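All remarks here apply to the structure that follows.
Number of protein chains: 2
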Amino acid sequence: MTEISQKPEAPRTSRSEAKAERRLQLIEATVDCIAKFGLSGTTMAKVTEIAGVSVGLANFHFDSKDRLFEAVLQHLADEQRALWQSRLQGRDRSSGDLLQAIVASRFNPAICARRKLAVWFAFYGDAGARDIYRRAVGDVDDERLEASAALITEMVAEAGYPDMDPVETVLTIEAMWDGLWLNMLLYPGEFRRAACRDRAMRMIATLFPKHFSASPLAG
Amino acid sequence: MTEISQKPEAPRTSRSEAKAERRLQLIEATVDCIAKFGLSGTTMAKVTEIAGVSVGLANFHFDSKDRLFEAVLQHLADEQRALWQSRLQGRDRSSGDLLQAIVASRFNPAICARRKLAVWFAFYGDAGARDIYRRAVGDVDDERLEASAALITEMVAEAGYPDMDPVETVLTIEAMWDGLWLNMLLYPGEFRRAACRDRAMRMIATLFPKHFSASPLAG
DNA sequence: GAATTCATTGAATGAGTAATCGATGAATTC
DNA sequence: GAATTCATCGATTACTCATTCAATGAATTC
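Respectively, the protein sequence lines represent chains G and V.
End of the first sequence = 1389 in my numbering, gap-free, step of one.
End of the second sequence = 1389 in my numbering, gap-free, step of one.
In structure tokens form, the structure reads like this:
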């Protein structure tokens, strides 16, 4: 008993684990910094101050500011994908349920926390940073879009909505989601998460009356 | 003939006219700079280089970088308001026509030119610049929102869409418009202006079948 | 337990940055 | 046409930023 797992495993908090933690800590600090000061106001000095470490350490772990930003986006994108993929498990559920699950994960509290919305739109909005965004995230967007499109194609086939183009519909719905996110970022007081989620669902219910019974855009 | 309009009017390009032109020139240069380099990459040096004037001149006309930014937003907001207000003239037209006119002006080529979209989202996305945005634009957004809401209230009264809340509907539609704008900015190749405008109109036609005959979200 | 690798520090470096201001000449006024 | 106001320039100033690097001590290896 005492001999087992002595050498092969490293100590509980091995160097590599500690390293991963530090990276995460710096990533979180960067998220907070961007949310508070904007992309242009985010400096290595401020990020490291928030994280409570020295400036040198950030460069040690990420080589450069750009790479730190890349890691931030990667982290947020991974988190997002992980959530909606986990919520799409359970193949016994109906297509309507699954679409509802996608909406729910898009408006999940962890995903669209204000500080994270701020990061997304910071990168959307900055011409210089847009490249970083596309490089780091790029196809995660497409992935979710395709999943939704497949689902809607299924729904159209099931209930036969006349003349509805699934891809067109997905693009319109996704645009609405983005717009609601922007509202939450700009006017957090007036646009609350749950209300926006419901708004999104009501629109979908209007588009797919045979799958959802909710009244169309009622208050 | 020769004596008229000698003194009372200043020479054709008076100092004040020239001044206004210079200001406009600097504003346009700033728009281009933000579109090309992002807010964080926009420096007074780059702006004035684009405009072809000295650094000192920009500060002479605008006092500071923040005030220059404020003027840029003010300029874009004025332009936007001027357009949709002019398109809402002609009180003989139906409510449906008027709503369509609002959509058309939102997706007017001059209004949602890429370089201008870039500016809007640059300010949306930057926590520091968001204050400048709210101060400069703020109620232009509300104004348009109220106009749309009034229109939709009218349409609901006319045709009696059961359980439709006008304000809810307006918020959802406006969100969709913002989202389509974001798409045009991020993926200009795939999301063209006219296609997004049509997408927006088709969604509206689906919501108001009694006012518009277009088939719901067809391709 | 000595040698080596690794994580961390913070001062130093050098490349920008916004904003200032005295100088210059053109337009305007009287 | 002299005096004055105005628009313009660009060198200068004082500051901020990302990144580097030698030094330090802890963890790991042998």
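Here a beta-carbon is modelled for each residue, glycine too, at the ideal position from N, C-alpha and C.
Quick caveat, the model's predicted, so the values are computed rather than measured.
Leaving out five residues on either side along the sequence, give the residues of the same chain with a beta carbon under 7 Å from the beta carbon of residue i.
i              : result
residue 1263/G : none
residue 1347/G : 1276 and 1370
residue 1306/V : 1240, 1243, 1244 and 1247
residue 1202/V : 1220 and 1285
To the nearest angstrom, report how far apart residue i and residue j are at their CA atoms.
i              : j              : result
residue 1309/G : residue 1274/G : 21 Å
residue 1190/V : residue 1232/V : 12 Å
residue 1226/V : residue 1321/V : 48 Å
residue 1224/G : residue 1229/V : 36 Å
residue 1362/V : residue 1344/V : 18 Å
residue 1176/V : residue 1279/V : Any reading at residue 1176/V is ruled out, since the residue's pLDDT is 38, under 50, leaving its predicted position unreliable.
residue 1356/V : residue 1365/V : 15 Å
residue 1368/V : residue 1193/G : 45 Å
residue 1179/G : residue 1185/G : Since pLDDT at residue 1179/G reaches only 48, below the 50 mark, its modelled position is unreliable, and the value read off the structure follows with that caveat. In a straight line, the C-alpha of residue 1179/G is about 12 Å away from that of residue 1185/G.
residue 1314/V : residue 1327/V : 20 Å
residue 1332/V : residue 1236/V : 48 Å
residue 1164/G : residue 1316/V : Residue 1164/G lies beyond the stretch modelled for chain G, which goes from 1171 to 1389, so this question has no answer here.
residue 1323/V : residue 1268/G : 33 Å
residue 1301/G : residue 1288/G : 17 Å
residue 1312/G : residue 1334/G : 21 Å
residue 1238/G : residue 1255/V : 45 Å
residue 1389/V : residue 1260/V : With a pLDDT of only 48 at residue 1389/V, under the threshold of 50, the placement of this residue in the model should not be trusted; the figure read from the coordinates follows. So the alpha carbons of these two residues sit roughly 32 Å apart.
residue 1222/G : residue 1222/V : 44 Å
Could you tell me whether the Cβ atoms of residue i and residue j are closer together than 7 Å?
i              : j              : result
residue 1272/V : residue 1210/V : no
residue 1286/V : residue 1243/V : no
residue 1204/V : residue 1212/V : yes
residue 1197/G : residue 1241/G : yes
residue 1358/V : residue 1284/V : yes
residue 1349/G : residue 1349/V : yes
residue 1207/G : residue 1329/V : no
Can you list, in chain order, the residues of its chain with a C-beta nearer than 6 Å to that of residue i? Leave out the 5 residues immediately preceding and following it.
i              : result
residue 1257/V : 1271 and 1275
residue 1353/V : 1361
residue 1293/G : 1299 and 1303
residue 1174/V : Residue confidence is low: residue 1174/V scores 35 on pLDDT, short of 50, so the model does not pin down where it sits. Its coordinate-derived value is still stated next. Within the same chain, residue 1174/V has no close Cβ partners at all.
residue 1338/V : none
Counting only the same chain and skipping the five closest in sequence on each side, list residues whose C-beta sits under 8 Å from that of residue i.
i              : result
residue 1266/G : 1325, 1378, 1381 and 1382
residue 1290/G : 1246 and 1351
residue 1218/V : 1196, 1199, 1224, 1225, 1227 and 1228
residue 1281/V : 1249, 1250, 1253 and 1275
residue 1234/V : none
residue 1114/V : Nothing can be reported for residue 1114/V: it is not among the residues displayed for chain V, which extend from 1171 to 1389.
residue 1188/V : none
Any heavy atom of the ligand SAH closer than 6 Å to the beta-carbon of residue i?
i              : result
residue 1216/V : Ligands displayed in this structure: none; no statement on the ligand SAH is therefore possible.
**Message:** Tell me which residues of the stretch 1210 to 1229 of chain G have at least one Cβ-Cβ distance to chain V shorter than 7 Å, keeping chain order.
**Reply:** Contact residues of the stretch 1210 to 1229 of chain G toward chain V are 1210 and 1211 (C-beta to C-beta distance below 7 Å).
**Message:** So if I threshold CB-CB distances at 8 Å, which residues from the stretch 1187 to 1198 of chain G count as touching chain V?
**Reply:** none
**Request:** Identify each residue in the stretch 1328 to 1341 of chain V for which the Cβ-Cβ distance to at least one residue of chain G is less than 8 Å, and report them in chain order.
**Result:** 1331, 1332, 1333, 1334, 1335, 1337, 1338, 1339 and 1341
**Request:** Please list the residues of the stretch 1253 to 1267 of chain G that have a C-beta atom closer than 9 Å to any C-beta atom in chain V, keeping them in chain order.
**Result:** none
**Asked** Relative to chain V, which residues along the stretch 1309 to 1327 of chain G have a C-beta separation below 8 Å, given in chain order?
**Response** none
**Item:** Residues from the stretch 1272 to 1296 of chain V in contact with chain G, defined by Cβ distance under 8 Å
**Value:** Per Cβ criterion, the list reads 1288, 1291, 1292, 1293, 1294, 1295 and 1296.
**Prompt:** Which residues, in chain order, does the stretch 1361 to 1374 of chain V contribute to contact with chain G at a C-beta distance below 7 Å?
**Reply:** Residues are counted here when their Cβ sits less than 7 Å from a Cβ of chain G; for the stretch 1361 to 1374 of chain V these are 1369 and 1373, given in chain order.
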